[in-house]
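In the working numbering, the protein residues as written are 222 to 481.
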Amino acid sequence: VTGAALATFVAVAVGTVWLLLYFQPKDAYLKFMVADWKPRLDLWATMLKIGMPAGAEFALMAVYLVVVYTIIRPFGSAAQAGFGIGLRIIQAMFMPVVALGFAVAPVAGQNFGARQPHRVRDTFKSAVVLAAVGMGVLALLCHIAPAAMIRVFSGDPQVVAVGDEYLRIVSWNFVASGIVFVSSSMFQAIGNTVPSLLSSFVRIVVVALPAFWLSRLPGFELRWMWYLSVVAVTLQMVMSLLLLQREFRLRLELEPAPVG
């Protein structure tokens, strides 16, 4: 823990010093100008309007984890460990599509601001293809060798069994998850993140309520919850695409920016 904390501190310190040095040269593209530090309350309001719903999505993910761990607790520590390891593997696999989402938002946002709706749509289409192909390959890997990946972190047969089943089932929603990430980035690009928050909320409800009900039934199995997760993410993808199509229809009916 101490080493991780020290590494975090050093990384932040180095990054801060580097940024300060970057702004110092006279020919720097960006410079610190005291006159620009005057508060812009209208700009703050816009940033909060876009950022708050996006931040709330991460809070919903915490709620999802609380729900899952609460339900799997009666199955013992092996089940919790298997789920935890599987979840970390999935998070690592999702890093490329998360990075893609971070790249999509500014590219689409710049073209949206420049009133180039066709470029916004092209950015979305290209990102969806990249996300679908990449996540499809990772899903295939989870079907071919899920147990081998779990064994890297634990040799306990019970832990491996839970993690293996979790990866095999949940990987069916990898492509849908990739499309959801891209859609969420597009909502940020066009300045309305409420639809993304709404679809995330629906996903949590679709998982949480049925899962709590099913967990009280005799013979309840963990796989039931994993299948619920697949259904929920698929529903979230469909909802995100429909809401994004609506936003495109409302916000991309713009006249092309004048040239020259």
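For each residue, glycine too, the CB sits at the ideal point set by N, CA and C. As the structure is a prediction and not an experimental result, all values here were calculated from the model.
Among the options, the one whose alpha carbon lies nearest that of residue i
i: F296; options: Q379, V427, R467; result: Q379
i: V403; options: T344, A280, I311; result: T344
i: Q312; options: A326, A360, Y448, T291; result: A360
i: I271; options: F304, F408, Y290, L438; result: F408
i: V288; options: L242, P431, G355; result: P431
i: F469; options: R336, M314, I293, L227; result: R336
i: L269; options: N413, G307, A256; result: N413
i: L462; options: P416, F433, F374; result: P416
i: V358; options: F433, W258, P317; result: P317
i: W434; options: V255, I292, K247, A277; result: I292
i: F422; options: F315, E278, W239; result: E278
i: W447; options: A348, V328, G376, A300; result: A300
i: V319; options: A353, A226, Y290, R294; result: A353
i: S375; options: R437, I310, P327; result: I310
i: S450; options: L286, V255, L473, L438; result: L286
i: S436; options: L308, S347, G334, R294; result: R294
i: L473; options: G334, A226, P439, S347; result: G334
Expected contact under 8 angstroms - CB spacing of residue i and residue j to nearest Å
i: Q457; j: S420; result: 5 angstroms
i: R444; j: I390; result: 6 angstroms
i: N332; j: V325; result: About 11 angstroms separates the two Cβ atoms, so there is no contact after all.
i: M356; j: S298; result: M356 to S298, Cβ: 30 angstroms. No contact.
i: V349; j: I400; result: 6 angstroms
Exposed unless 16 or more other CB atoms sit within 10 angstroms - verdict on residue i
i: L418; result: buried
i: T237; result: exposed
i: T267; result: exposed
i: F395; result: buried
i: E442; result: exposed
i: P274; result: buried
i: M282; result: exposed
i: M314; result: buried
i: T455; result: buried
i: M460; result: buried
Contact set for residue i: own chain, Cβ-Cβ below 7 angstroms, skip 5 residues either direction
i: D385; result: P367, A368, I371
i: L351; result: L321
i: V284; result: I425
i: L471; result: none
i: P479; result: For P479, the pLDDT reaches just 47, beneath the cut-off of 50, and the residue's location in the model is therefore unreliable, leaving the point undetermined.
i: A453; result: R424, V427, V428
i: P260; result: none
8 angstroms Cβ shell around residue i - same chain, five flanking residues per side excluded
i: T229; result: none
i: K252; result: F244
i: L465; result: F345, S404, M407, F408, P416
i: D377; result: A299, A302
i: D257; result: none
i: F323; result: S406
Same chain, Cβ closer than 6 angstroms to residue i, neighbours up to 5 away in sequence not counted
i: G330; result: A410
i: C363; result: L388, S392
i: G303; result: V380, V383, G384
i: L264; result: none
i: H339; result: none
i: V328; result: T344
i: E476; result: Low per-residue confidence applies at E476: pLDDT is 47, beneath 50, and the placement is therefore not dependable enough to give any value.
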